[in-house]
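Okay, so the sequence shown: first residue is 1 according to full-length UniProt numbering, each after it adds one.
Every residue, glycine too, gets a C-beta built ideally from N, C-alpha and C.
Shown next, in structure tokens, is the structure this report addresses.
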Amino acid sequence: MTSPGVLPVLSQIHNSVVGFLTTNRPFEDARSPRCPSDRELQRRSFLVRLNQKPGDYAIRLTSLRPEQVIQGFGVLRYADQGNELKQEIPNTKPWVHLNGTLISSSSVAMDETKLAPYPVRAPPPKADNTVKFFVNMTGPSSWALNIGPHQAFRQQLPPLLWDEESRGETTYGDNTQGGALQNGTVVDIIFENGANVTSQHPFHKHNNKAFVIGTGTGGFPWPTVEDAIREGGMAKHFNLINPPNRDGCRLGNSTGDWTVIRYEIAFPAASMLHCHMIHHFAAGQQVVLLEGVESMAKIPAEMKDRVHSDFTPPLRYGPLD
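Have a look at this one:
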């Protein structure tokens, strides 16, 4: 057993080819790979063509992290074979080595950057707001998006929707952090890796799916995507026709790697945005996005007057204290 918040995996069903897959809807075109991967630590569903000789076929999930070589197993079993009680792993043809590399050069691994929505949907043509996050490791056990790590004690404070003192430097979307994120507007989020640490960052956004419109290397010095395309000649790094549409994205391991997502705020919410690696999330790599809260119904006084924690946190209260 391994935590999905720690290890990205490469999956395979022996002798079988995957036709389409989903990431919690909508459907995505998987280009018929033999080895779908999950580097963004999401739930995935697969549609598999059952055209093999009836029998048992091994399902293997292989870790893609070099720190630990590990596999998980399952069985794809054709019904009515009289082997319902059989427990051993089938001796069927694998596509992948134990270390996650492909056995045959003719095999096809999934490229999650090319998973177009099915049917195809284009992202909004331009953004109204841009939020940029600079990923950094600010201490031996401290990860941050921009200024500093999200502090765990804030979960015990009065809700930040109506108590501005509960927000802090890791709350975005109000007038103190880059301006309001209003309902009905389109937002670009730019992630740039500033940590001199070889570590992946699969980011997950709550409440909205986003189009993963661009990735690249060498830093992102432009204030917006439009500036990068117009002044930086970066058009080849962006897909504004049929990019993946999901609730997560992956930032490259190297310093200067960047990823851009685009989404529309369709309803008011206080949304979490965080790294899906559990030890990064727990070490503070998370922020709160106040989205469309100006259109929220007025919060009843009886809700505000309910008992909440009332204390003054120490100034050096860290994410793991």
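Whether residue i touches residue j by CB criterion (8 Å)
{"i": "Gly218", "j": "Gly194", "result": "no"}
{"i": "Glu164", "j": "Gly148", "result": "no"}
{"i": "Thr259", "j": "Thr224", "result": "no"}
{"i": "Glu112", "j": "Pro244", "result": "yes"}
{"i": "Leu160", "j": "Val288", "result": "yes"}
{"i": "Glu302", "j": "Gly173", "result": "no"}
{"i": "Arg230", "j": "Ala127", "result": "no"}
{"i": "residue 327", "j": "Gly284", "result": "Lying before the first or after the last residue shown, residue 327 is absent from the chain, which here runs from 1 to 321."}
{"i": "Asn183", "j": "Ser295", "result": "yes"}
Inter-residue spacing [alpha-carbon to alpha-carbon] between residue i and residue j
{"i": "Thr2", "j": "Arg49", "result": "Any reading at Thr2 is ruled out, since the residue's pLDDT is 43, under 50, leaving its predicted position unreliable."}
{"i": "Glu264", "j": "Leu98", "result": "41 Å"}
{"i": "Phe73", "j": "Tyr57", "result": "10 Å"}
{"i": "Val52", "j": "Lys114", "result": "According to the sequence displayed, residue 52 carries Gln and not Val. Near 28 Å, if we compare the C-alpha coordinates of Lys114 and Gln52."}
{"i": "Gln68", "j": "Arg246", "result": "28 Å"}
{"i": "Tyr118", "j": "Leu157", "result": "42 Å"}
{"i": "Leu123", "j": "Gln81", "result": "Note that residue 123 corresponds to Pro in the displayed sequence, not to Leu. Distance between the alpha carbons of Pro123 and Gln81 is about 47 Å."}
{"i": "Lys304", "j": "Asn208", "result": "26 Å"}
{"i": "residue 337", "j": "Glu192", "result": "The first residue shown for the chain is 1 and the last is 321, placing residue 337 beyond what the model contains."}
{"i": "Ala152", "j": "Ser166", "result": "12 Å"}
{"i": "Pro300", "j": "Arg306", "result": "11 Å"}
{"i": "Ser199", "j": "Asn253", "result": "5 Å"}
{"i": "Ile59", "j": "Ile89", "result": "9 Å"}
DSSP bridge partner residues for residue i (one or two, in chain order)
{"i": "Ala269", "result": "Glu291"}
{"i": "Lys205", "result": "Leu273"}
{"i": "Trp258", "result": "Glu192, Gly216"}
{"i": "Phe73", "result": "Arg60"}
{"i": "Leu210", "result": "Note on identity: in this sequence residue 210 is Ala, with Leu being the wrong assignment. The partner list for Ala210 (beta bridge, DSSP) reads Arg246."}
{"i": "Ile13", "result": "Ile59"}
{"i": "Glu169", "result": "Answer is none; Glu169 lacks a bridge partner."}
Whole-number beta carbon distance between residue j and residue i, since they are thought to touch under 8 Å
{"i": "Val135", "j": "Leu273", "result": "With a Cβ gap of about 12 Å, Val135 and Leu273 do not count as contacting."}
{"i": "Ile13", "j": "Leu76", "result": "5 Å"}
{"i": "Ile213", "j": "Phe133", "result": "Ile213 to Phe133, Cβ: 16 Å. No contact."}
Near the ligand FMN: residue i beta-carbon under 7 Å from a heavy atom
{"i": "Leu251", "result": "Of the ligands one can find in the structure shown there are none, so the ligand FMN has no counterpart to examine."}
Extent of the continuous alpha helix (DSSP H) run through residue i
{"i": "Ala228", "result": "225-232"}
{"i": "Phe281", "result": "278-282"}
{"i": "Met303", "result": "301-304"}
Limits of the beta strand (DSSP E) - the one that residue i falls within
{"i": "Ala144", "result": "142-145"}
{"i": "Gly100", "result": "Taken as a continuous stretch (DSSP letters only), Gly100 belongs to no beta strand (DSSP E), as it is neither H nor E."}
{"i": "Met137", "result": "129-139"}
Residue-chain proximity (residue i, chain C), Cβ-Cβ < 8 Å
{"i": "Pro125", "result": "The chain labelled as chain C is not found in the depicted structure, where only one protein chain is given."}
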